[in-house]
Structure formats: C-alpha cells, structure tokens
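Its first residue numbered -14, the sequence shown is counted upward by one per residue in my numbering. Idealized CB from N, CA, C, for every residue including glycine. Working notes, structure below.
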Amino acid sequence: MNTLKLLPTLLSRTAQNTLPRAFTSSVENPLDESHKWPRKIFSGIQPTGSLHLGNYLGAVQKWAELQNSGEDVTYCIVDLHSITVPQDPEKLRNNIIQMTATMLACGIDPNKSTLFLQSTVKEHSELNWILGSLTTIARLRHLPQYKDKTQKMKEIPLGLFLYPVLQAADILLYKTTHVPVGEDQVQHIQLTQHLGSLFNNRFGTTFPDCHAIIDRKEAARIRSLRDPSKKMSKSDPEVKSCIYLTDEPDVIVEKIKKAVTDFTSEVTYDPENRLGVSNLVAIHSLVSNGKTPEEICKDVQGIDTGKYKMVVAEAVIEHLKPIRTKINEYLKNPSELVYILDDGREKARTIAEETMAEVKQKVGLGANMSEFAMLKKVSKGV
Ligand code: TYM
C-alpha cells in the first residue's frame, strides 16, 4: 500500500502544520488543471561579452519593457550554458562582468528585476539532472539548434546535447509562465513545456505551462547584414554581419553601408520577398520609439536604399549612444556589478530552493527524509 496516499487523512493536524510546505502535497495528486499560476517572467542570456543588435532588439529591449510595466521578472546570465563550448576562464569572467554592465545599461534595474548568474544557484544543475532523466536522446537529437551547432563538429560535447534541458530547468525552477525570447528559442520553450507536463503527469502538478513571448514580429529574428537569409549571430565568421552595442559609430556606418540588399532601389517592408531591406527597416523601426515599419517606409519615401542605409546608421548610432556611455560608466566599478549579481542570487535562490525541495520530495529523492520517517511512523500508528 502506498503510505503517502493515506497521509492527508492519517496525519494529525499538528503533524501537518509542522511539515515543510513542499512536503504537504501528496505524490499522488491528480493534475490540477484549474491551478491559477501567478504571472512570472524569466529569461536568460549567454555571457558572450558584447551584446549584438539581435540580442538587444529580439530580447533585452523587451525585458526592460516588461520590467517597467511592473511584471515579476527574473533575468539570468547563463554562464553554465556558455561552457558547452570551450571558454578561456579569465575571458569568461570578464564577459560576465561586461554582460552585467550591458544589462544595466539597457535598462535592467536590480530594484525592479532579479538579475543573477546561473552558476551561483546550484539548483539549476540539480533540476537539469532530474529533467534529463525524464527525456530521451531521440527527443533532444532533433532540436534544430543542436543540429546547427554540431554540424561541423567532430567530437560533440555532451553539454551541448543537454543544453536545452538545462534551459528548461532554468525556466521551470522559477515556475515561469512567460519567457521573452527571439524566434530561435521557440523549440527550446516547446521542450520546456513538454518536460514540465511530463513531470506534472508523473509526479503531480508542480510546474505551470510556460509560453514564449514574441509579440513584435519584426524583432523576433534580426537578420545577418551580410546574408539576410540567416539570423544575426555572434558565431557568424563574417565580421560585418553583426552590429554590437559597443561598436564605434564609424564601425556601425561601415557595417550598414555593406549590408546586403537587392536590386530594387525603393525602400519597402516586405519580409517575405525583400529580406535585406526589410531587415534594415525592422531595425530602424525598433530603434525609433515605436514607429511601425510602415510609418518608417512612408517617412523615407523617395530615397533609394543606398541613401537609406545612412539614415538607418544614424538612427542606430543615436539609439545606442546612451547605452554605450552607460556600459563604460558601469564597467568603472566592477565590484558594484558583482554586488548586484550577489544580491540577485539571494533572491533567486530562495525560490529555487523551495522548488527543488518540492521536486525532490515528489520524485522520492533525499530531501526531508527525517519528516518522511516521522510520517511513516504516524501512518502506521506508532
Ligand atoms: P542567447 O544568449 O543566444 O540569446 C539571448 C536572446 O537573444 C535572442 N536572439 C535574437 N533575437 C532576434 N534576432 C536575433 N538574431 C537573435 N539572436 C539572439 C535569443 O532568442 C535570446 O532570447 N539558450 C538561450 C539562453 C537561455 C535562456 C534560458 C533563454 C538559457 N536559459 C531560459 C530563455 C530562458 C540562448 O542561448 O540565448
């Protein structure tokens, strides 16, 4: 007979009240579909040093907006994800500091958001292991990002394979309901939904269903300036494909001048058929205080794409100027940045510990074993 099934009726009131919160829900709980989860936003970014326009417009700009609209937001610098490819330790630490300064410069405010470093909250790795035991090699092998990243590799690190499971752990640990990301992360969010419901079905309702937030279509996939059929990416060997937030104005001008467009000189927004020029219009729109791509095209009617590139470059430079200044200001005081991450860790850890205690208890792992022993005694009437 399953002792835990009997617990709610057998426990004395006093015994129930002394239990840790995580221990009071039965392993056999049916799925509670009616559970209303509080809205909770979580997202993550790899400490790659400098942010590029794709990261900024596709994700971080939105993160700041969500924070400023009073949402419950947690943002994580995912250093454990970054070691799935070889990293120089000194450079990695510098990149973490640089990314923290960049987050703040982009408007992430530690008084309104929780900003922390993934490796400082050990529960991410613990939940990764548990979720990894629930999923299959076949399920992970088909994820497109894994296929892309490993295409040219002879020896594939296991961490790269498990990468999306760790991402699911990041999200589920905070009982996240919404994840603001770019389009390239959608399959990872779908895997998270799958793992969350697998866990819920097997062990009882624990995690909410989570959803990607991709509400600005033109920001979802900022394209490479040199090959607009691909996304803008730091790993692109073509240096001029990618604009970094820290690029000097003349570098930005040079990169946008060299952006690949087509043979039509008119500026239109037609992301299906005119990838290159539409990418420039999308970028222009996103750095122009809410102007839609259509409004942008109206504004620049009559100028050809060559001249238009200079207009875009100017708008990008103007938008990034205060951010660059702030990054440099924040970098003058690295210990303040470390303090902010430490403070964020404390806030994140409180939630992560609570979730992991609940998860371990439900899975039957070694959390709260003494309470379990006591309950066994109670149920047997000892
Ligand atoms: P990362 O570090 O590659 O990118 C961070 C965010 O930037 C978005 N992004 C883009 N958006 C539009 N156009 C582009 N060209 C572009 N390039 C990047 C990404 O979609 C992402 O939102 N696996 C994640 C990090 C991660 C995470 C998480 C995200 C780890 N745990 C939990 C959300 C929730 C990644 O490598 O992102």
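Look at S226: its beta carbon is at least 6 Å from all of the heavy atoms in the ligand TYM.
Counted as a single uninterrupted DSSP element, the alpha helix (DSSP H) harbouring T310 occupies residues T290 to L316. Between G29 and V63, the C-beta gap is smaller than 7 Å, which places the two residues in contact. Distance from the CA of G167 to the CA of K361, rounded to the nearest whole angstrom, comes to 49 Å. Taking every protein chain shown into account, the CB of K243 has fewer than 16 other CB atoms within 10 angstroms, so this residue is exposed. Here the region 97 to 117 makes contact with the region 330 to 350; the two share three or more CB pairs at distances below 8 Å. Put simply, the region 230 to 246 touches the region 201 to 214. At least three CB pairs are less than 8 Å apart. Exposed is the label assigned to Q286, since fewer than 16 other Cβ atoms lie within 10 Å of its Cβ. P234 and Y254 have their alpha carbons spaced roughly 25 Å apart. Exclusion of the five residues before and after L77 leaves P32, D64, S67 and I68 as the residues of its chain whose Cβ lies within less than 8 Å of its Cβ. Below 8 Å, enough C-beta pairs join the region 116 to 133 and the region 177 to 184 to call them touching: three or more. Counting only unbroken stretches of 3 or more residues, the beta strand (DSSP E) elements lying wholly within the region 147 to 202 are 163 to 165 and 196 to 198, in sequence order. Per DSSP, the continuous beta strand (DSSP E) segment holding Y60 begins and ends at V58 to I62. A straight line joining the alpha-carbon of T231 with that of F248 spans about 31 Å. A contact is defined here as three or more CB-CB pairs under 8 Å, and the region 43 to 55 meets this definition with respect to the region 89 to 97. In this structure, the C-beta of V70 stays at least 6 Å away from each heavy atom of the ligand TYM.
Bridge pairing for L102: I62 [DSSP].
One thing to note: L89 has its Cβ no nearer than 7 Å to the Cβ of Y324.
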